[in-house]
Amino acid sequence: MDIAALTFLALGLPFVAALVAPVLTRFLGHNAAWLLALAPVAIFLHFLRFVPEIANGEIVTGGYAWIPSFNVSFSWLIDGLSLTFALLISGIGALIVLYSGGYLKGHPHQGRFLSFILMFMGSMQGLVLSDSFLMLFVFWELTSITSFLLIGFDHGREAARRAALQALVVTGGGGLLLLAGLLILWNVSGITQFSLLLSFGAELKESPFYLAVLLLVLGGAFTKSAQFPFHFWLPNAMEAPTPVSAYLHSATMVKAGVYLLMRLNPVLGGTPEWQILLPLFGVATLVSGAALAVRQTDLKLMLAYTTMASLGLLVLLTGLGSPHAIEAAALYLVAHALFKGALFMVAGIIDHETGSRDLTKLGGLRSAMPLTFAIALAAALSMGGLPPFFGFLAKEEIYEALSSFDRRSMVFAALAVLGNALMFAVAFAIALKPFLGSKVETPRHAHEAPVLLWLGPAILALKGLSIALMSGLAHRLISSPMSSAIAGEPRTVTISLEPHIGVPLLLSAITLLVGVAFYLNLDRLRAATAVILADIGWGPDRGFDQFIRGLLRLAVAITHRLQSGKLDVYMTVVFVLIAVVLLATPVHFGELPRAPFFAADVPTHELAIMAIAVAGLLAVVLAADRLTAIVSLGIQGFAVAVIFLLYGAPDLSFTQFMIETLSVVVLALVMTRLQLSPSDRRPLHQKVLDSMIALACGFGFGLFLLRATGTPFDATLTDFYNLYSKSIAHGANVVNVIIVDFRGTDTLGEIAVVMITGLAILSLVRLRAGSLKRGADVRKDVEERA
Amino acid sequence: MKSVIFRTVAPFLTSLMTLFSIFVLLRGHNEPGGGFIGGLIAVSALAIYGIAHGVETVRHAIYFHPMAIAGAGLFAATVAGLISLFAQVPFMTGLWIYPSLFGVEVPLSTVMLFDTGVYLVVVGSISSVALSLEERGGE
Numbered sequence: 001m002d003i004a005a006l007t008f009l010a011l012g013l014p015f016v017a018a019l020v021a022p023v024l025t026r027f028l029g030h031n032a033a034w035l036l037a038l039a040p041v042a043i044f045l046h047f048l049r050f051v052p053e054i055a056n057g058e059i060v061t062g063g064y065a066w067i068p069s070f071n072v073s074f075s076w077l078i079d080g081l082s083l084t085f086a087l088l089i090s091g092i093g094a095l096i097v098l099y100s101g102g103y104l105k106g107h108p109h110q111g112r113f114l115s116f117i118l119m120f121m122g123s124m125q126g127l128v129l130s131d132s133f134l135m136l137f138v139f140w141e142l143t144s145i146t147s148f149l150l151i152g153f154d155h156g157r158e159a160a161r162r163a164a165l166q167a168l169v170v171t172g173g174g175g176l177l178l179l180a181g182l183l184i185l186w187n188v189s190g191i192t193q194f195s196l197l198l199s200f201g202a203e204l205k206e207s208p209f210y211l212a213v214l215l216l217v218l219g220g221a222f223t224k225s226a227q228f229p230f231h232f233w234l235p236n237a238m239e240a241p242t243p244v245s246a247y248l249h250s251a252t253m254v255k256a257g258v259y260l261l262m263r264l265n266p267v268l269g270g271t272p273e274w275q276i277l278l279p280l281f282g283v284a285t286l287v288s289g290a291a292l293a294v295r296q297t298d299l300k301l302m303l304a305y306t307t308m309a310s311l312g313l314l315v316l317l318t319g320l321g322s323p324h325a326i327e328a329a330a331l332y333l334v335a336h337a338l339f340k341g342a343l344f345m346v347a348g349i350i351d352h353e354t355g356s357r358d359l360t361k362l363g364g365l366r367s368a369m370p371l372t373f374a375i376a377l378a379a380a381l382s383m384g385g386l387p388p389f390f391g392f393l394a395k396e397e398i399y400e401a402l403s404s405f406d407r408r409s410m411v412f413a414a415l416a417v418l419g420n421a422l423m424f425a426v427a428f429a430i431a432l433k434p435f436l437g438s439k440v441e442t443p444r445h446a447h448e449a450p451v452l453l454w455l456g457p458a459i460l461a462l463k464g465l466s467i468a469l470m471s472g473l474a475h476r477l478i479s480s481p482m483s484s485a486i487a488g489e490p491r492t493v494t495i496s497l498e499p500h501i502g503v504p505l506l507l508s509a510i511t512l513l514v515g516v517a518f519y520l521n522l523d524r525l526r527a528a529t530a531v532i533l534a535d536i537g538w539g540p541d542r543g544f545d546q547f548i549r550g551l552l553r554l555a556v557a558i559t560h561r562l563q564s565g566k567l568d569v570y571m572t573v574v575f576v577l578i579a580v581v582l583l584a585t586p587v588h589f590g591e592l593p594r595a596p597f598f599a600a601d602v603p604t605h606e607l608a609i610m611a612i613a614v615a616g617l618l619a620v621v622l623a624a625d626r627l628t629a630i631v632s633l634g635i636q637g638f639a640v641a642v643i644f645l646l647y648g649a650p651d652l653s654f655t656q657f658m659i660e661t662l663s664v665v666v667l668a669l670v671m672t673r674l675q676l677s678p679s680d681r682r683p684l685h686q687k688v689l690d691s692m693i694a695l696a697c698g699f700g701f702g703l704f705l706l707r708a709t710g711t712p713f714d715a716t717l718t719d720f721y722n723l724y725s726k727s728i729a730h731g732a733n734v735v736n737v738i739i740v741d742f743r744g745t746d747t748l749g750e751i752a753v754v755m756i757t758g759l760a761i762l763s764l765v766r767l768r769a770g771s772l773k774r775g776a777d778v779r780k781d782v783e784e785r786a
Numbered sequence: 787m788k789s790v791i792f793r794t795v796a797p798f799l800t801s802l803m804t805l806f807s808i809f810v811l812l813r814g815h816n817e818p819g820g821g822f823i824g825g826l827i828a829v830s831a832l833a834i835y836g837i838a839h840g841v842e843t844v845r846h847a848i849y850f851h852p853m854a855i856a857g858a859g860l861f862a863a864t865v866a867g868l869i870s871l872f873a874q875v876p877f878m879t880g881l882w883i884y885p886s887l888f889g890v891e892v893p894l895s896t897v898m899l900f901d902t903g904v905y906l907v908v909v910g911s912i913s914s915v916a917l918s919l920e921e922r923g924g925e
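Chains W and V, in that order, are what the protein sequence lines are.
Here this note's numbering is used: the first residue of the first sequence is 1, the next is one more, and so on.
Here this note's numbering is used: the first residue of the second sequence is 787, the next is one more, and so on.
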């Protein structure tokens, strides 16, 4: 098979695995994870084959036409940036699948969970590899939806449901902004693919639509990557089981926004707007995230807020756009995915084995869980930016980027040192506090985690060490191609563990000192931030609730205004509108029919039938009770059917007979069921008004028919059907052949409508008095909540 | 309904009408008729039976839930359209075969299957509405 077909297969494989996951789990239990992890491993190996090619500075694209008429394709773009992401997603994905196997062992819905995780993996992979805008958007929203499913996995709990909905509203709404931005981009440039956009050049930055595109894209990226003030969904998303937090909410999905910014950096970046907006939001997110992390005692929440801070750091670096900043962003992104994924899984292990993840209720676990302790320590060393770990390299590069001596850089450097020092303190609080000190009683008796649980974080932690030790190779294969892709021009990353005295090392030392000071005073710091936050009292999280409440209230108010719930009001509106359309349109366009003439020699039997029809109508109007009126309506219908028959339309007439019969039966049944008063009790003025509307409608339809039949008849279609009905469709009954053959697809749609209407009526009929009351209760409930 | 004559006649009438509806369905391709009209006749037949003997009897007699019948019809119609894809011709192209049964050539076609689908959808949807309206329970 050629490489394009294999890549296509790799994009689809996670979804196939998601399909079989529930079945496999039913038969194999938690051991199905070993089998399911083969899918991401295969994908990882597939993308590994691209590494040498990409390292030589090449770009691989491929794909298939999707909607050729709109120039939309299913196509992928593999360069240093997307390849790094693809390797992270499939590599960490394999470990997460294994970890989920151990973490949710014996859970009744483990299969469903694995299925969701694999679906997410496929969506995320599609997102980063997409070349066409539309494909990126589709996968972008798919990650939001799968994230919704995963956060709300434990759907019995109110908090999980709320968090899931919140994440969906924020990230899904951001996705719509992104779609608008991409559409404008498409309109301005006429290009639908990133690979072509990159060669589009500076033209876009001078376009009057530049700012609109930038703001919309930032709206998508900032919501997805939890930038302040859209960050609140991320800590709430910690309601999800820990594998989800490790995978979606630290290593991959939240980086989608950063990915988008990096991808568009060559086209949108470098302008004053870009260099003001991104660093501003980035640094605000960094500092507030790090400060909020200190406030928490829940391991997962601490990690969530530091993730937010790290995302802020990445956005800051992407926004600065200098060569060192880009390289630092590339390095830190990979380093963060490794150490944060590992730390989340460690937090999950502690939670799983002790039954608690509250920092203040844990301690002295080092003897019971030595391996977990080692992993946590290795990950924290990387997160704290200490040699010889990968995090150290990333941090050196960050400070290199910030260490020029203009005022702006110094402010950013100072804030970055503050944020990093806080993250340092949090990292070691997580890696040391639960393990050191005296033993604390935990809800479950602590013991070392099984292999399925420790394998993933161990590999990630080791990777953080080995990449730093073999930095030359790692830079050549991963970091340099990735930086080149972000910058849009060739770059070479050189940083290594060798000591190099300079401002960056000084800043690192300051970070270390401040970090240690923070760590030692963590409790005091926590109390202080708690006081500050209590003083502020309001946060975007509460703002979200207020927003949703306001939306509900608005919807209720509009519904009250538009929907009276009275059938006669609806019918009056509909029929008045019909009458206006039928009468006003021909007058406005001067298309009134000529006065009809009456043929002199109408046969007596036709006159008799018309007389019957008129008599039927009179009977309807004069009937004393409703049932008589309904039956009399049938008289008129039958008379019309006979006229059809006389004029040579047996099929039509046949159908008309049946319809008339059935509508009389059904109407009569409805009448008995509605328990209306048998006779019409409308007041006189109402009757006059209604009859005027009815006459206007009837008169309008009469005009319409006269006008339509007044134009000369075009027999082309009739001739066509008469000619070909027998010869190519093997049927003599032209009407039937048209219905089932020539225009069969129409009929298919129509019978679907018939069935849906039937279902709708059925559910209306089934609404009994009791359930109607329940409906009213629901409405009252909504109003009360609003 | 209390009328003895009606109650006695109703089963025969219903059987005859159902038979007639199938006849109308099958001859539809060459003579007036077809799935839609046939379906309407069958619904009238069921309505008559229901009025005479009660909804429960009808539900028992048709065995399947009417909506299931409608669903099967929609499915059959869709399948009839899809079959042509396997013959490498566009969706909904009519395909005909002429097997010989006891020496008589019987023309069969996807179009016929499609029309049967229409028939079932009409029967199922409308009769389910009519039957649920006839039911007086729960009031």
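Beta carbons: idealized from backbone N, C-alpha and C, even for Gly.
Our two residues, I145(W) and L168(W), have alpha carbons roughly 7 Å apart in a direct line. Neighbourhood of L759(W) in chain V, by CB distance below 7 Å: M853, in chain order.
Every unbroken stretch of the alpha helix (DSSP H) spanning 4 or more residues and falling wholly within the segment 254 to 288 of chain W is given here in chain order: 256 to 268. Only those residues of the segment 873 to 898 of chain V whose C-beta falls short of 8 Å from the nearest C-beta of chain W are listed: F877, M878, G880, W882, P893, S895, V897. In the three-state reduction of the DSSP assignment, F713(W) falls in the coil class.
Interface residue (Cβ-Cβ distance to chain V less than 9 Å): T559(W) is not classified as such.
What H815(V) touches in chain W, judged by beta-carbon distance under 8 Å, is H730, G731, A732, N733, N736, V737, V740, going in chain order. Setting aside the 5 residues that flank it on each side, D741(W) is surrounded in the same chain by A729, G731, each with a C-beta closer than 8 Å to its C-beta; the list follows chain order. Distance from G101(W) to N31(W) at the Cβ level is roughly 7 Å; contact confirmed, criterion being Cβ atoms closer than 8 Å.
Within chain V, no residue has its CB atom less than 7 Å from the CB of L393(W), the nearest being about 57 Å off. Residue nearest to S725(W) within the set G341(W), R743(W), D714(W), P712(W) is R743(W) (criterion: CA-CA distance).
Contact between A21(W) and L36(W) holds, since their C-beta atoms are separated by about 6 Å, short of 8 Å.
Non-local beta-carbon contacts of E660(W) in its own chain, meaning distances under 8 Å to residues more than five positions away in sequence, involve G634, G637, F638, A641 in chain order. The beta carbon of P387(W) is closer than 8 Å to those of A468, L497 in its chain, skipping five residues each way along the sequence. For S75(W), the uninterrupted beta strand (DSSP E) run begins and ends at 72 to 78, by DSSP. V908(V) sits in a helix when the DSSP states are folded into three classes.
Interface criterion not met: the Cβ of A251(W) is under 9 Å from no Cβ in chain V.
Positions of the alpha helix (DSSP H) runs, each at least 4 residues long and wholly inside the segment 299 to 366 of chain W, are given as 299 to 320, 323 to 354 in order along the chain. The residue from L338(W), D2(W), S250(W), F133(W) with its alpha-carbon nearest to that of I67(W) is F133(W). Using a 10 angstroms sphere on the CB of Y519(W), the tally of other CB atoms reaches 16 or more, which defines it as buried. Per DSSP, A431(W) is one residue of the alpha helix (DSSP H) stretching across 407 to 432. D131(W) carries a coil assignment under DSSP once its states are collapsed to helix, strand and coil. Counting along the chain, V765(W) sits inside the alpha helix (DSSP H) bounded by residues 744 to 766. For the 9 Å CB-CB criterion, G63(W) and A4(W) form a contact. If the five residues before and after F139(W) are omitted, its C-beta is found closer than 7 Å to the C-beta atoms of S123, G126, L127, S130, all from its own chain and listed in chain order. Taking M253(W) as reference, the option from L311(W), G319(W), A163(W) with the minimal CA-CA separation is L311(W). Under the Cβ criterion of 9 Å, A847(V) is not counted among the residues facing chain W.
The secondary-structure analysis by DSSP pairs I883(V) across a beta bridge with L894(V). In the DSSP secondary-structure assignment, S679(W) is bridged to D625(W).
For the C-beta of T864(V), the chain W residues within less than 8 Å are, from N- to C-terminus, L748. With a cut-off of 8 Å on Cβ pairs, the segment 156 to 173 of chain W is in contact with the segment 228 to 235 of chain W, counting three or more such pairs.
Rounded to whole angstroms, the gap between the alpha carbons of M755(W) and V908(V) is 8 Å. P797(V) does not reach chain W, its nearest Cβ partner there being about 18 Å away, counting only Cβ pairs nearer than 7 Å.
Per DSSP, the beta-bridge partners of Y64(W) are F74(W). Cβ atoms of A240(W) and L216(W) stay farther apart than 8 Å, at about 28 Å.
Using a Cβ-Cβ cut-off of 7 Å, I827(V) is close to M658 of chain W, given in chain order.
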